[in-house]
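Undergrad: Residue numbering for the sequence shown follows this note's numbering, starting at 113 and increasing by one per position.
Glycine is no exception: its CB is placed at the ideal position from the N, C-alpha and C atoms.
Have a look at this one before I ask anything.
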Amino acid sequence: MIRRPPRSTPLYSSAASDVYKRQPINRKNKLQSLKKVINQANARIKANFSVLIFPEGTRIKPDIGIAPFGNSCGLLATKNNIPILPICHNSGKYWKNKQFIKHPGTIKVTIGPLFHGNNPKKLTDEVRLWMKDEYRKMN
């Protein structure tokens, strides 16, 4: 799922929508957007596709750490009886938000364990705790 503004760039819009099957969302209407994300992601999961979700919803400054997560990942995982595979990275230290220039450095990536659960909120919280701990270790 992608927020609407990047789609205003024709090349990005075409690549994001056609090649990667990203779905635009409107962040101003959070409930409607959450329903859209869940419905479209459910359809993709049932069609045997993997779904990538950024649960923080937006990029934040790297020194802030990990922002609160939305529950969409937990809802999708519990509704479809599938695990969450978290991926933590520190690319924001070198690829600054809204800046074209990339800064030198080593980006660290950690692929976590699979998280399973029946309670969307609890599952989301468990994944966030793992991410916070991993992010702290990287930095």
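Are the CB atoms of residue 202 and residue 214 nearer to each other than 9 Å?
TA: Residue 202 sits at position 90 when you count from the first residue of the sequence shown. Residue 214 sits at position 102 when you count from the first residue of the sequence shown. No.
Undergrad: Residue 142: which of 171, 161 and 182 sits nearest, CA to CA?
TA: By one-based count along the sequence shown, residue 142 stands at place 30. Here the closest residue by C-alpha is 182.
Undergrad: Between which two residues does the beta strand (DSSP E) containing residue 221 stretch?
TA: Position 109 of the sequence shown, counted from the first residue, corresponds to residue 221. From DSSP, the beta strand (DSSP E) with residue 221 extends over 221 to 223.
Undergrad: Within 10 angstroms of its Cβ, does residue 145 collect 16 or more other Cβ (buried), or is it exposed?
TA: Walking along the sequence shown from the start, residue 145 turns up at place 33. With 16 or more other Cβ atoms within 10 Å, it is buried.
Undergrad: If you drop the 5 nearest sequence neighbours on each side, which residues of the same chain put their C-beta closer than 6 Å to that of residue 204?
TA: Within the sequence shown, numbered from 1, the residue matching residue 204 stands at position 92. Hits under 6 Å: 174.
Undergrad: What does the Cβ neighbour count give for residue 159, buried or exposed, with the cut at 16 atoms within 10 Å?
TA: Your numbering for residue 159 matches position 47 in the sequence shown. Counting Cβ neighbours within 10 Å, residue 159 comes out exposed, since fewer than 16 surround it.
Undergrad: Below 6 Å CB to CB, which residues in the same chain sit around residue 122 once its five sequence neighbours on both sides are set aside?
TA: Position 10 of the sequence shown holds residue 122. Interpretation of residue 122 is limited by its pLDDT of 49, a score under 50 that renders its predicted location unreliable; the figure taken from the coordinates is listed afterwards. If we look at residue 122 and ignore the five residues flanking it on each side, it has no Cβ neighbours.
Undergrad: Determine the burial state of residue 155: buried for a count of at least 16 other Cβ atoms within 10 Å of its Cβ, exposed for fewer.
TA: Mapped onto the sequence shown, residue 155 falls at position 43. It is exposed - the Cβ of residue 155 has fewer than 16 other Cβ atoms within 10 Å.
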